[in-house]
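Undergrad: To start, I am sharing the structure in question, which I have written as structure tokens.
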Amino acid sequence: RRLERPQQEIAAVKKGLKLDLGDGSPAASVPNAVCSGPDRYLLTGFDLAAVKAAVGDLGLAVDQSSGRVRLSIDGAKVPGLLAKSCPLDLTKWPVGMSQASHFLHIGCTWYRRSETGFDLYIGRSFARSAAEWLIESAAEFGVEILSPED
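Right under this line is the structure:
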């Protein structure tokens, strides 16, 4: 349906989910709500029923947990490493910005979570090739790959 008062209705959804997206710019994101396009967010850590209740008939909430993988990478040389795989100028991104683009040949949603840290949301079927590229390319930058337990 067409929103009658989009700003107020979207604000009600954000309030219902306790989301603070800062200034509300199109790419404003937080770690558990990453903007993947106009009025589209990848939500993590939320109960699907709670999201559906907050969204109501304003939109659609779909469980994508088995369809995407988040690759988190952090370190002082990470922007240089990622620049080899992405057409975006990541050095000019403020913390909290996200954008849909690509990583190598893979469709990807990018999120800058800190000055040196990025999260890449990619399709599950591409996770292995993306991780292999990161491991191979990281050596040039002296980047060490850590397991989630480290």
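To convert, count from 1 in the sequence shown and add 57; that's the numbering used here. Note that beta-carbon positions come from the ideal geometry of N, C-alpha and C, so glycine has one too.
Do Val70 and Thr166 come within 8 Å of each other at the CB atom, strictly closer than that value?
TA: Position 109 of the sequence shown, counting from 1, holds the residue named residue 166. Position 13 of the sequence shown, counting from 1, holds the residue named residue 70. Contact: no.
Undergrad: Give the single residue among Asp77, Gly94, Val108, Ala133 whose Cα lies nearest to the Cα of Tyr178.
TA: Stepping through the sequence shown from its first residue, residue 178 is reached at position 121. Closest option to Tyr178, Cα to Cα, is Gly94.
Undergrad: In chain order, what residues of the same chain lie with their CB nearer than 6 Å to the CB of Lys109, ignoring the 5 residues before and after it?
TA: On the sequence shown, position 52 is the one that residue 109 refers to. The residues are Ala118.
Undergrad: Just the Cα atoms here: how many angstroms apart are Ser186 and Leu161?
TA: Residue numbering aside, residue 186 sits at position 129 when the sequence shown is read from its first letter. Residue numbering aside, residue 161 sits at position 104 when the sequence shown is read from its first letter. Straight-line Cα distance between these residues: approximately 10 Å.
Undergrad: Measure the C-alpha to C-alpha separation of Gly199 and Arg127 and round it to an integer number of angstroms.
TA: The sequence position of residue 199 within the sequence shown is 142, counting from 1. The sequence position of residue 127 within the sequence shown is 70, counting from 1. If I take the Cα positions, the gap works out to 22 Å.
Undergrad: By Cβ distance, which residues of its chain are closer than 8 Å to Gly116, with the 5 residues on each side in sequence left out?
TA: One-based indexing of the sequence shown puts residue 116 at position 59. These residues qualify, in order along the chain: Val70, Asp96.
Undergrad: Measuring straight from C-alpha to C-alpha, what distance separates Lys72 and Val112?
TA: Taking the sequence shown and counting its residues from 1, the one referred to as residue 72 is at position 15. Taking the sequence shown and counting its residues from 1, the one referred to as residue 112 is at position 55. Taking the straight line joining both Cα atoms gives about 11 Å.
Undergrad: Residues in its own chain within less than 6 Å of Glu172 by CB, not counting five upstream and five downstream?
TA: Position 115 of the sequence shown, counting from 1, holds the residue named residue 172. Once the five neighbours on either side are set aside, Glu172 has no close Cβ partner at all.
Undergrad: From the DSSP secondary-structure annotation, give me the bridge partner or partners of Gly3.
TA: Missing from the structure shown is residue 3; the chain here goes from 58 to 207 and no further.
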